[in-house]
Structures are given as C-alpha cells and as structure tokens.
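What follows is one structure encoded as structure tokens, with my remarks underneath.
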Amino acid sequence: MHFAILPIRIILFALLAFGLCRIGLYFVHYDYFSPLTLSEVAKGLVKGIQFDSATTMLFCSPMLVLLSLPFKAIQGTKCRTLLAWLCALMIFVMCAYSLGDLTYFGEVQHHIGAEILNLSADQGALIEIALSSRLAYTLGSLVGLILFGILWYYVIQRPLTQQAVLPQNKWLRLAIWLLLAGIYFILFRGIVLSSRPINLSDAFTGSKLQQANLALNPVYTTYRESRNRLKEQPLNYVSSTELQNFASKQPLIFKWQHPENKPTSKNVVLVLLESWSYKYIDALAGGSYKVTPFMDSLVAKSQVWDNYYAAGQRSIVGIQAVLSSTPSLQSQPTLGFGLELKEMSRIAQIANQQNYRTVMMQSSARRSFHMDSIANALGFQEYYGKEDVPLLREYPQEQPRFGWDYDALQTFNQKLSEPAKKQPFFAFMFTGTTHEPFPKIGSEFELYPHDDQGENGFLNTLKYSDWALQQFMQSAEKQPWYQNTIFIFTADHTLNAESDDNLPQRFHIPLVIFSPDGSLTPIRHTELASQYDLFPSIMDLLGFNQPIYTFGKSLFANEKSESVMLNQGDTVGMITPTTWVGFTPEGIQEKAENYSAKDEQALQNLKLKMQYADQLLRENRWIKP
1078 MHFAILPIRI ILFALLAFGL CRIGLYFVHY DYFSPLTLSE VAKGLVKGIQ FDSATTMLFC
1138 SPMLVLLSLP FKAIQGTKCR TLLAWLCALM IFVMCAYSLG DLTYFGEVQH HIGAEILNLS
1198 ADQGALIEIA LSSRLAYTLG SLVGLILFGI LWYYVIQRPL TQQAVLPQNK WLRLAIWLLL
1258 AGIYFILFRG IVLSSRPINL SDAFTGSKLQ QANLALNPVY TTYRESRNRL KEQPLNYVSS
1318 TELQNFASKQ PLIFKWQHPE NKPTSKNVVL VLLESWSYKY IDALAGGSYK VTPFMDSLVA
1378 KSQVWDNYYA AGQRSIVGIQ AVLSSTPSLQ SQPTLGFGLE LKEMSRIAQI ANQQNYRTVM
1438 MQSSARRSFH MDSIANALGF QEYYGKEDVP LLREYPQEQP RFGWDYDALQ TFNQKLSEPA
1498 KKQPFFAFMF TGTTHEPFPK IGSEFELYPH DDQGENGFLN TLKYSDWALQ QFMQSAEKQP
1558 WYQNTIFIFT ADHTLNAESD DNLPQRFHIP LVIFSPDGSL TPIRHTELAS QYDLFPSIMD
1618 LLGFNQPIYT FGKSLFANEK SESVMLNQGD TVGMITPTTW VGFTPEGIQE KAENYSAKDE
1678 QALQNLKLKM QYADQLLREN RWIKP
C-alpha cells in the first residue's frame, strides 16, 4: 500500500463516522429537523463535512503528519500501527461523544457546548440516566461503536499488515508530502480557502437554527465554546464606545432599592419545583392533563404571573437567578463553579442581617449540584439534603437519585417547625422526583402508561409531586407560623424542550405566590417577568430596604420589563411583551414571525445590559459599579 493512502483513509473514515452520527441525529430528532426542506438538509449535511474535517485535523493532525513523512523509520509496520491506533483512539472517543450528544440534544435542542465544564457535579446523574431511561440510546451507541470498529478493521487495520511503498525518487516523495501537507492545511481550516478558518458562526448560513445544528458536531462545538469560556472572552455585542455611553448614562442600572420599605416580619417559603412547566398545570394553561389538582386549586387563591420565564435550561441557572439575581452569561461561570467568588447580592445573607433564620434544603443528596457549597456561599444558616430525610411511606422501587418529594417536604416542614428555632425565617426548598429518569411512584399516581424518560412518566411523577405539595401545605396549616408565611411556588426550568416548541415555550414556567392570611389579593398578572425578578420581589414582600444588585425588578412595584433574557447554551433568547428572538454575537438565529425592525431597539438595549453586566462581573464590580 502506498504510504500516502493510510492517512487519507483515516481522514475519510473519520468523515464517514461523523457523517453517520449526523444522519443519526437527523433521524433520532426528526421532529426537530422537520421544518427543513430537502435542500436545506442537504446543505446542512454538506456544511457538516467542513466542521468534521476541521475537527478531525484538530485532534488527529500530529499522528497524520507523522504518517505522511516519507521515511522508512516512520513507515515501518510497528510505527504505522501505533500511529494508526492513536488516530483510532481519538476518532472513537469523538464518535462516542457525538453519539452521547444524541440524548443531550433531545433535552435542550442544541449540542453540548461549554456547559460540559459545569457537568462535573452531574456525572453520577448522567450515568444513571444513560443506564436507565436512556438505555436504548446507550445500547444503540454501543452498537454503533462496534460497527465503526468492524469497519475500521477492514478499511484501516487489516491493510496495515502490508508493507508501505515509498517512491524511489526523493523529489517525488517530497512532492507527495507537500501535497498531503496542503490537503491537511485546507482540511484544518474547514475547507475555507479564503479569509479566516471556519468558526461556529459559519454554521448559520441559512435562516433556520435547525440547519445550523445539523451542520455542527458536538466535538467542535464543545471545543470552541470551552476554549472561549476558559479564555474568558468578554461579551462583544456592542462597540466599546456604545458601551461606554450606556454605562455613563446608567451606571447604577442594576442597583435596586426601595428605601421606604418597612420590615414585615413575614416568613417566606420558596419552593423550586423540578421541571414543572406552565403548560402542564391545567388551571394556568387551560389543558386537561389532570395531574395537578392541588396546584390548580391554589391558583384561584394566589397571585399568578402568566408570562413568567426561566433564566435557563439547567437547574443551577435557575437557582442562581432566583437566589442571587446575577445574570447567567455565556462569558461567566455559574453559581457553584466560580461565580460565587464575585461580589454579589446574596438573599440569605441579607435575611441574616435582618435577624431571620435561613434554611435551605433539596430532596437530592447534600452534595448534588455542589448545593452544600452554594448554601454556604449564599449565607444560609442551615442546609439539608437527602441524607437527612427519613422515608415515611413505601414505594415500589428504591429511592431515586433526586429523592422523594413527599418525604423531603415533610422533613422540610419538620425543620421549619422545630420549637427551639427562631422566627421569622426565609426557607428555600428544591424538589427532585420529577427529574428524569422518572421513578415508579405507585399505581395511585399512574394516570398514564408509565415510562421513565417520556412525557407520560413525567406526568405521573408530576401528579405525585402535586400530591406531595398538598400534604406539605396540610401539615404546614397546623403550624403556628403558617398564617404569617408567604409561599412562593415556581420551577427551575421546563421539562425537556419539545421539537416543535418555540423559544418562549421552552422557558415558560409557573409562578404562584400564596398568602394564607389574605394579605396578597388573588390576581392573574399578565406582565412579563422572569426568575431574575424573584429576589427584588422577596425584598418587597419582607420589607427589606437595603440596596441589592439585580438583573430583574420587583413584581410588587410599578416596574415594567422591556424584555427578559434567556440562556440557551451558545444562543441568547429575548422575550418582549409582543415578540421574541434568539441571537448570538454573529446575529439573529431564530425569531418570531412578527419580529420587525421596531423591535431592534429592545434587542440593542438587552445587548448593552448584558455586556455592561459582563464587564462589571469581570472586574468584580457588580455591586460596586
């Protein structure tokens, strides 16, 4: 076999493997890609070859360059075999990563990106999901890797037993090597012959986000986004002059204070409900799922925000938004992964200063999501997790990773009711049973045929979680602190995004605030709101008058939002009272049909706010602008 054939075969094998993974992505998530025409699909697949070539060269170029050297020492069977196996290792790791992305993509409708840097706390959960609710994906991926291995053997490995043929003429050897070097250079640039090499923005050649996601591969996306994150590149949506003008006119835009507030001595119980989506609560969305009878009854007695949105698609982003109101930006780490080192407003710390008792609990293990460290960083005096929860009822299976909501909520009530502990208190609870894989709760909650990864399984666990909330509230009613307490129920994010959901639907969550003493008159609010608004709203509910720094506003003051910001990986979402848009530094990637030029000012204002917030956080001046 001619010495130049082996590296070319390896490259073609890698491109074929990536291509098959991409085709698998298309068919596994066909509903998501269905808006694409046949021509757009073809263009996405062709554009994908450019990203695949750049990815292959990025990780395999050292071995390929050595395999291309026309020297007998290199072209000996042992050396060629070693280099080929190193290429195989890289290619198979990339293929496994791409196949694993099939599951992740189905959850959030985009490839794994820089968020891989924040997934260390989720490793156990990811492994459990892969071996339970996503077992079919896991087995399918293993079969795919085995087939790739068989193909590798026949195309690459078996021919290695043949002696490499080197031309006798040294000038011909040099010419072949230079030709290969030129090919590698072109492939490394993503087959872009002019201007700069291929980049993430080159995927957005069409008008549809689906086409861009079809073209991209997760290995390249993760590499580029992680590299940018590690370099901590500042946001670059507007020019430095525009940013300077904005900052000079509104240097304290993130400062919020109601100095006229008087302490109310109210208790607050804030319950963050795992994956509770607005559309599954019949009293809110007008559906007929019939799995939230308690929440449906509570809606009629509460203040409700019908246009309330999650800050992101991961729990930690929601927790960050609710408890610190610090914006989740692509250029900044999240809470628990470095953001807590910045100066910021911390809800429990402020409550402590007002002589409040502060309690935090989650149904998962104490260490899950680094929540124990987050509780300390935010100033909570007490923190509890699954290890502190005794099981009070029998279940048809062992306790799931994210705990049982009923038992956790009963323990939460018990902790709040300890007679030796002082009042008032601010208490935060994060539930977990509605997290995938959805456990079997018992026949009394199985309104739908149960499965551990689909909507039916979620609905059954949602019915259980709703019942658990009802039991918690019934227990709380018996406590002396109940009448003086404001209960806030909201979600961390929606259930995994459906392929036909638009941007607002992917982030639409409930916000229900109930006061047993009737101090909050029941009403349905239509104003635009987000998780960032909860912190200042709680400040008003408790009558705290010190300044905080927030990306939101109070829902109990005459403060309207021009827009809300949503974090969806490498894309940012903006929702206004009338329209929505998804964008990156390279431009708009998706938008509502009614989005027009008149909405550009709102988009520009959001970009200015984001970039100014990024600058303040980068310089650790978020609370000292």
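Be aware that the sequence shown starts at 1078, since it is given in our numbering, and climbs by one per residue. The C-beta atom is built at its ideal place from N, Cα and C for all residues, glycine as well. What you are looking at is a predicted structure, and each value in this text was computed from that prediction instead of being measured.
Can you list the alpha helix (DSSP H) stretches of 4 or more residues lying completely in the segment 1275-1359, in chain order?
For the segment 1275-1359, whole alpha helix (DSSP H) runs of length 4 or above, ordered along the chain, are 1286-1292, 1295-1308 and 1317-1326.
Can you give me the C-alpha to C-alpha distance between Ser1673 and Thr1114, rounded to a whole angstrom?
By one-based count along the sequence shown, residue 1673 stands at place 596. By one-based count along the sequence shown, residue 1114 stands at place 37. Approximately 24 Å between the Cα atoms of the pair.
I want to know whether the segment 1446-1465 touches the segment 1516-1525 - three or more CB-CB distances under 8 Å.
No contact exists between the segment 1446-1465 and the segment 1516-1525.
With DSSP as the reference, label His1527 as helix, strand or coil.
Residue mapping note: residue 1527 aligns to position 450 of the sequence shown, counting from 1. It is coil, neither helix nor strand.
Quick check on the DSSP output: the alpha helix (DSSP H) that includes Leu1643 runs from which residue to which?
The count along the sequence shown starts at 1 and reaches residue 1643 at position 566. Per DSSP, Leu1643 belongs to no alpha helix (DSSP H); it is in the beta strand (DSSP E), Val1641 to Gln1645.
Quick one: give me the first and last residue of the beta strand (DSSP E) that Lys1637 is part of.
Position 560 of the sequence shown holds residue 1637. Run containing Lys1637: none; DSSP gives neither H nor E here.
Between which two residues does the beta strand (DSSP E) harbouring Phe1564 extend?
Here residue 1564 refers to the residue found at position 487 of the sequence shown. Thr1562 to Ala1568 is the span of the beta strand (DSSP E), which, as asked, contains Phe1564.
Please state the DSSP three-state secondary structure of Tyr1107.
For the purposes of this step, residue 1107 is taken as residue 30 along the sequence shown, with counting starting at 1. Helix at Tyr1107.
Alpha carbon to alpha carbon, how far is Ile1393 from Gln1327? Give it in angstroms, no decimals.
Reading the sequence shown from its first residue, position 250 is the one you call residue 1327. Reading the sequence shown from its first residue, position 316 is the one you call residue 1393. Cα to Cα, Gln1327 sits roughly 29 Å from Ile1393.
For a test of the three-state rule: what should DSSP assign to Thr1132, helix, strand or coil?
If you number the sequence shown from 1, residue 1132 lands on position 55. Helix at Thr1132.
Flag this pair as yes or no: are the beta carbons of Asp1129 and Gly1177 separated by less than 8 Å?
Numbered from its first residue, the sequence shown carries residue 1129 at position 52. Numbered from its first residue, the sequence shown carries residue 1177 at position 100. No, the pair does not count as a contact, with Cβ atoms beyond the cut-off.
Would you say Asp1373 and Tyr1366 are within 8 Å of each other, going by their C-beta atoms?
Within the sequence shown, residue 1373 is the residue found at index 296, counting from 1. Within the sequence shown, residue 1366 is the residue found at index 289, counting from 1. Contact: no.
Under the DSSP definition of a beta bridge, which residues are partnered with Tyr1385?
Counting from 1 along the sequence shown, the entry for residue 1385 is found at position 308. Answer is Ala1606, bridged to Tyr1385.
Taking the beta strand (DSSP E) that Met1506 belongs to, which residues open and close that run?
Residue 1506 sits at position 429 when you count from the first residue of the sequence shown. Segment Phe1502 to Phe1507, the beta strand (DSSP E) holding Met1506.
Within 7 Å: the Cβ of Phe1628 and any heavy atom of the ligand FAD?
Ligands are entirely absent from the displayed structure, and the ligand FAD is therefore not among its contents.
What residues match up with Trp1657 in a beta bridge as DSSP calls it?
Within the sequence shown, the letter at position 580 stands for residue 1657. For Trp1657, which the question treats as bridged, DSSP gives the partners Ile1652.
Between which two residues does the beta strand (DSSP E) holding Leu1588 run?
To locate residue 1588, count along the sequence shown from 1; it is residue 511. Looking at the DSSP string, the run of the beta strand (DSSP E) that includes Leu1588 is Leu1588 to Phe1591.
How big is the Cα-Cα spacing for Ala1355 and Asp1569?
Taking the first residue of the sequence shown as position 1, residue 1355 is located at position 278. Taking the first residue of the sequence shown as position 1, residue 1569 is located at position 492. In the sequence as presented, Ala is not what sits at residue 1355; that position holds Tyr. For Tyr1355 and Asp1569, the distance between alpha carbons rounds to 12 Å.
Under the rule that 16 or more other beta-carbon atoms within 10 Å means buried, what is Phe1148, buried or exposed?
Locating residue 1148 in the sequence shown gives position 71, where the first residue counts as 1. It counts as exposed.
Comparing C-alpha positions only, which one of Trp1162, Leu1406 and Gly1363 sits nearest to Leu1237?
Taking the sequence shown and counting its residues from 1, the one referred to as residue 1237 is at position 160. Cα-wise, what sits closest to Leu1237 is Trp1162.
DSSP state of Gln1458, grouped into three classes?
To locate residue 1458, count along the sequence shown from 1; it is residue 381. Residue state, collapsed to three classes: coil.
Is it buried or exposed for Leu1539, if we count other Cβ within 10 angstroms and need 16 for buried?
What you label residue 1539 is simply residue 462 of the sequence shown in a count that begins at 1. The residue is buried, with at least 16 neighbouring Cβ atoms inside 10 Å.
In this structure, how does DSSP classify Thr1627 when only helix, strand and coil are distinguished?
Numbered from 1 along the sequence shown, position 550 holds the residue referred to as residue 1627. In this structure, Thr1627 counts as coil in the three-state DSSP scheme.
With DSSP as the reference, label Met1437 as helix, strand or coil.
Residue numbering aside, residue 1437 sits at position 360 when the sequence shown is read from its first letter. Three-state result, Met1437: strand.
I'd like to check one pair, Leu1619 with Thr1341: are the Cβ atoms closer than 8 Å?
The residue you call residue 1341 lines up with position 264 of the sequence shown. The residue you call residue 1619 lines up with position 542 of the sequence shown. A contact, by the Cβ cut-off of 8 Å.
Lys1498 by DSSP, collapsed to three states: which one?
On the sequence shown, position 421 is the one that residue 1498 refers to. Coil, per DSSP.
May I have the straight-line CA-CA distance separating Ile1665 from Asn1671, to the nearest angstrom?
Residue mapping note: residue 1665 aligns to position 588 of the sequence shown, counting from 1. Residue mapping note: residue 1671 aligns to position 594 of the sequence shown, counting from 1. Using only the alpha carbons, I get a separation of about 14 Å.
Between Thr1567 and Pro1587, is the Cβ-Cβ spacing less than 8 Å?
Numbered from its first residue, the sequence shown carries residue 1567 at position 490. Numbered from its first residue, the sequence shown carries residue 1587 at position 510. Yes, the pair counts as a contact, with Cβ atoms nearer than the cut-off.
Return the chain-ordered list of same chain residues with a C-beta closer than 7 Å to the C-beta of Phe1446, the five sequence neighbours on each side being excluded.
Here residue 1446 is taken as the residue at index 369 of the sequence shown, counted from 1. Excluding positions up to five away in sequence, the list reads Ala1198, Ser1392, Ile1393 and Gly1413.
Quick one: is Met1127 buried, meaning 16 or more other Cβ sit within 10 Å of its Cβ, or exposed?
Here residue 1127 is taken as the residue at index 50 of the sequence shown, counted from 1. Reading off the sequence shown, one finds Gln at residue 1127, where the question assumed Met. Burial call: buried.
Just checking my contact of Leu1320 with Ser1408 at CB under 8 Å: how many whole Å lie between their CB atoms?
Counted from its first residue, the sequence shown places residue 1320 at position 243. Counted from its first residue, the sequence shown places residue 1408 at position 331. With 8 Å as the limit, Leu1320 and Ser1408 do not qualify as a contact, their Cβ atoms being about 14 Å apart.
Give the DSSP-derived three-state secondary structure of His1447 in the structure shown.
Here residue 1447 corresponds to residue number 370 of the sequence shown, with the count starting at 1. Here His1447 sits in helix by DSSP.
Closest by CA to Asp1577, which one among Ile1625, His1106 and Pro1516?
As a first step, residue 1577 is located in the sequence shown; it is residue number 500 there, counting from the start. Nearest C-alpha to Asp1577: His1106.
With distances taken between CB atoms, is the gap from Ser1631 to Ser1614 smaller than 8 Å?
Against the sequence shown, residue 1631 aligns to sequence position 554. Against the sequence shown, residue 1614 aligns to sequence position 537. Yes; because the gap between Cβ atoms is below 8 Å, this pair is in contact.
In the structure shown, what three-state DSSP assignment does Val1123 receive?
As a position in the sequence shown, residue 1123 is number 46, starting the count at 1. If DSSP states are grouped into helix, strand and coil, Val1123 belongs with the helices.
Identify every residue that forms a DSSP beta bridge with Gln1380.
On the sequence shown, residue 1380 is found 303 positions in, with the first residue counted as 1. Gln1380 is bridged to Ile1590 and Ile1600.
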